[in-house]
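Read the structure below first, then the notes.
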DNA sequence: GTCTATACGATGATAGAC
DNA sequence: GTCTATCATCGTATAGAC
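Residue numbers (the working numbering), protein chains in the order written: chain A, 414 to 643; chain B, 414 to 643.
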């Protein structure tokens, strides 16, 4: 039996019955709506039209299922991010100029928004991603670390080139603030307007541009707390 | 029997046995460490040396206990924030100048950090606050909305005075980004260094100054997405 | 009024039949 | 691979002792 290797079932193309895919799709949908801990395996398996024990058989545990749901989107996402970031770096080196802060940020944050706005099944995944960020689970933390950290180090290095006068400590903190802005914005849909009558009916693309302006200005600001590098 | 009214037991001074206080203290401690959903009532009541049913008797439910834990710190916190913000506004009006962005931000964020650095029992509450922000619960969302929104509207109004050229839509978004930075930083302790070898051994006061620089610059940046107010 | 012991339904997980 | 039966544990509810 040949490997198909094209079906996105998270099983490397070995799946036959589509059970894993149905579970993954249902999980992504319900987790986004009700949250990971707010979703019971019984409800999830009913929605996916599989047996209750199927999740534990195919994934090992409910938490491992969450990890699988994350990785199915995270792996292609980080690949796009890495390619774009490396292109930013290459182009800057070729032109013998410093990379721009805005360009680096756009290479990093852009693919996330495209994923959201793409209209495919990945819709809502960004919201789900933002929620998962605050899951208190070592497994999930490690999943994020494993997939996102390398890309983030790349972003950090490019930003360090773009901002040569800034100490690495300060840049680390600020990159973290920037991440917080994005994560919060992504998961904000479920937090009913913490801001006074905020306009929710806006495209993610517009919000992203607004966010990049905000973050870029924050990153480029003079730093009074960490005057010396190291 | 006279009211003592000084004991911080969350019961208006009517408590005698200290059961409620012990539950609140234990809850704040364990919730901070293991998260709300990661803490069982059995473990919590064992730590507080009370009966399992005590939580439901005194608070009604586990979720209502979380609400009580939050409100015990949130109520005095928002009072300090409101006073400081109103003083900022009064001083600016008296001097017939616009309030400063930095001053408004410091009035809002400063008390949170003081609460953390105060060395009293409230230590770690900020971390707990950051985590609670991402709880998917209508009760918790409403608690935040009820206590934080009024202060936030005040902050919004002052910032709108400080930045008269900025549209309210843009300011709303940016204030939300700023909130995200703070929330993420506050709950970051439990997320093991998503950033490459970031310096964790830093005082919250220093981090706060760094954060305020970041946020202030982001808020003050020219806005290309919302050129016209309204 | 407080506190205790106990019971209930639902959950995530697992073992074994098919 | 799939299913049923079963388990320990969870949050919650309540009756009754002090």
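Don't be surprised by glycine CBs; every beta carbon is placed ideally from N, CA and C.
Computed from a prediction, not measured in an experiment: that's the story for all the values here.
At a C-beta separation below 7 angstroms, residue 521 of chain B has no neighbours in chain A, since its nearest C-beta there lies roughly 13 angstroms away. Between residue 555 of chain A and residue 555 of chain B, the alpha-carbon positions lie close to 32 angstroms from each other.
The Cβ of residue 438 of chain B sits no closer than 8 angstroms to any Cβ of chain A. Only those residues of the stretch 580-596 of chain B whose C-beta falls short of 8 angstroms from the nearest C-beta of chain A are listed: 582, 583, 585, 586, 587, 588, 589, 590, 591, 592, 593, 594, 595, 596. Within 10 angstroms of the beta-carbon of residue 635 of chain A lie fewer than 16 other beta-carbons, which makes it exposed. Chain A has a Cβ within less than 8 angstroms of the Cβ of residue 547 of chain B. Between the C-alpha atoms of residue 472 of chain B and residue 579 of chain A there is a straight-line separation of about 50 angstroms.
Look at the beta carbons and you see the stretch 537-556 of chain B touching the stretch 477-487 of chain B: at least three pairs across the two are nearer than 8 angstroms. About 40 angstroms separates the CB atoms of residue 571 of chain A and residue 457 of chain A; that is not less than 8 angstroms, and the two are not in contact. For residue 521 of chain A, the closest alpha carbon among the candidates A/452, A/547, A/588 is that of A/588.
Listed by position along chain B, the residues whose Cβ is nearer than 7 angstroms to that of residue 450 of chain A are 450. In terms of beta-carbon proximity, residue 537 of chain B stays away from the interface with chain A, with every pair separated by 8 angstroms or more.
The alpha-carbon separation between residue 629 of chain A and residue 514 of chain A amounts to approximately 6 angstroms.
By the 16-neighbour rule on beta-carbons within 10 angstroms, residue 465 of chain A is exposed. Around the C-beta of residue 433 of chain B, 16 or more other C-beta atoms lie within 10 Å, and the residue is accordingly described as buried. When Cβ-Cβ separations below 8 angstroms define contact, residue 552 of chain A makes no contact with chain B.
Take residue 561 of chain A, set aside five residues on each side of it, and the residues of its chain with a beta-carbon closer than 8 angstroms to its own are 487, 491, in chain order.
Using a Cβ-Cβ cut-off of 8 angstroms, residue 442 of chain B does not count as an interface residue toward chain A, since no Cβ of chain A sits closer than that to its own. Listed along chain A, the residues sitting closer than 8 angstroms to residue 630 of chain B by beta-carbon distance are 630, 631, 633, 634. Sequence-distant Cβ neighbours of residue 625 of chain B in its own chain, meaning closer than 7 angstroms and more than five residues away, are 515, 518, 519, 522.
With contacts defined as CB atoms closer than 8 angstroms, residue 512 of chain B and residue 575 of chain B qualify as a contacting pair. Look at the stretch 493-527 of chain B: it has no residue with a C-beta under 9 angstroms from a C-beta of chain A. Taking CB atoms only, residue 486 of chain A has no neighbour in chain B less than 8 angstroms away.
Beyond the five residues adjoining it in sequence on each side, residue 478 of chain B comes within less than 6 angstroms, by CB distance, of 440, 468, 472 in the same chain, given in chain order. Within the stretch 617-628 of chain A, the residues whose Cβ lies closer than 7 angstroms to any Cβ of chain B are, in chain order, 619, 620, 622, 623, 624, 626, 627, 628.
Taking C-beta atoms under 8 angstroms as the contact rule, residue 594 of chain A and residue 557 of chain A fail to qualify, at a distance of about 17 angstroms. With a threshold of 8 angstroms between beta carbons, residue 573 of chain A makes no contact with chain B. Taking the Cα positions, residue 565 of chain A is about 10 angstroms away from residue 494 of chain A. In the structure shown, residue 488 of chain A adopts helical secondary structure according to DSSP, grouped into three states. Residue 524 of chain B counts as buried, since at least 16 other C-beta atoms from the protein chains shown sit within 10 angstroms of its C-beta.
Per DSSP, reduced to three states, the secondary structure at residue 450 of chain B is coil, with no helix or strand assignment. Residue range 538-545 is occupied by the alpha helix (DSSP H) that includes residue 541 of chain A. Non-local C-beta neighbours of residue 528 of chain B in its own chain, meaning closer than 8 angstroms and more than five positions away in sequence, comprise 486, 490, 535, 538, 539, ordered along the chain. DSSP places residue 636 of chain B outside both helix and strand once states are collapsed to three, so it counts as coil.
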